[in-house]
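Notes follow the structure.
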Amino acid sequence: MGVDVVLMQVTHRGTSSKKRRLTTVAFVQDGADLFSGLCVNSRLPMLNRVDPYRTQILTSVDMPQFISEVDATRDLVKGQRERDILQKIRELAERCAEAASLELHLEGD
């Protein structure tokens with residue numbers, strides 16, 4: 160039930176959504192279900208909407224709120240493994256915030 164976080168490069172040819180191409184740039188794998196567990200138990204609006212069974216796509220516009228919620232969660236957790244995965248996810252979010260051609264995919268099982 161993990162939620163992998165994947166930074167995707169979006170390429171469009173023309174205006175048709177059928178010509179939209181995604182390329183993986185970087186990812187954080189949630190093999191131990193740490194991130195999904197933090198999201199399910201979160202009281203923060205964006206993290207609480209993460210579904211461990213579906214994919215949620217965030218754009219650069221979403222990154223300020225997402226980063227602030229990741230930071231708030233990282234400040235509350237006590238375990239080093241949780242802090243580490245949140246830091247890696249934050250780094251991907253920072254990269255996503257810098258370019259409109261990037262998306263952050265939160266991929267549930």
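So the sequence shown is residues 160 to 268, counted in our numbering. Ideal Cβ positions, reconstructed from N, Cα and C, are used throughout, including at glycine.
Under 8 Å by Cβ, that's how I've got residue i and residue j pegged, so tell me the actual separation to the nearest angstrom.
i	j	result
LEU265	LEU251	Not confirmed; about 10 Å, so no contact.
ARG233	ARG242	6 Å
VAL162	VAL220	So it is not a contact: roughly 20 Å between Cβ atoms.
Between the options, which has its C-alpha nearest residue i's C-alpha?
i	options	result
LYS237	VAL187, LEU197, ASP221	LEU197
LEU141	MET160, MET222, LEU203	What the structure shows of the chain is the stretch from 160 to 268, and residue 141 is not part of that stretch, so it cannot be assessed.
VAL199	GLN188, TYR212, GLY190	TYR212
ILE248	ASP189, SER201, LEU203, ARG202	ASP189
Quick one: residues in its chain with C-beta nearer than 7 Å to the C-beta of residue i, no 5 flanking neighbours on either side, listed in chain order?
i	result
THR214	HIS264, LEU265, GLU266, GLY267
Given residue i, which residues of its chain have a CB within under 8 Å of its CB, disregarding the five upstream and five downstream residues?
i	result
SER260	GLN168, VAL169, THR170
Compute the Euclidean distance between the alpha carbons of residue i and residue j, then round it to the nearest angstrom.
i	j	result
LEU217	LEU235	23 Å
ALA191	ILE244	10 Å
GLN246	VAL187	10 Å
ARG179	ARG172	7 Å
Tell me whether residue i counts as near the ligand NAP, meaning its Cβ is closer than 7 Å to at least one heavy atom of that ligand.
i	result
GLU257	Absence of the ligand NAP is noted for the structure shown, with no ligands found whatsoever.
If I measure Cβ to Cβ from residue i and keep anything under 6 Å in the same chain, skipping five residues before and after, which residues do I get?
i	result
LEU206	CYS198, GLU228
- Message: Does the contact criterion of 3 or more C-beta pairs under 8 Å hold for the segment 218–228 versus the segment 251–261?
- Response: Verdict: yes, contact present.
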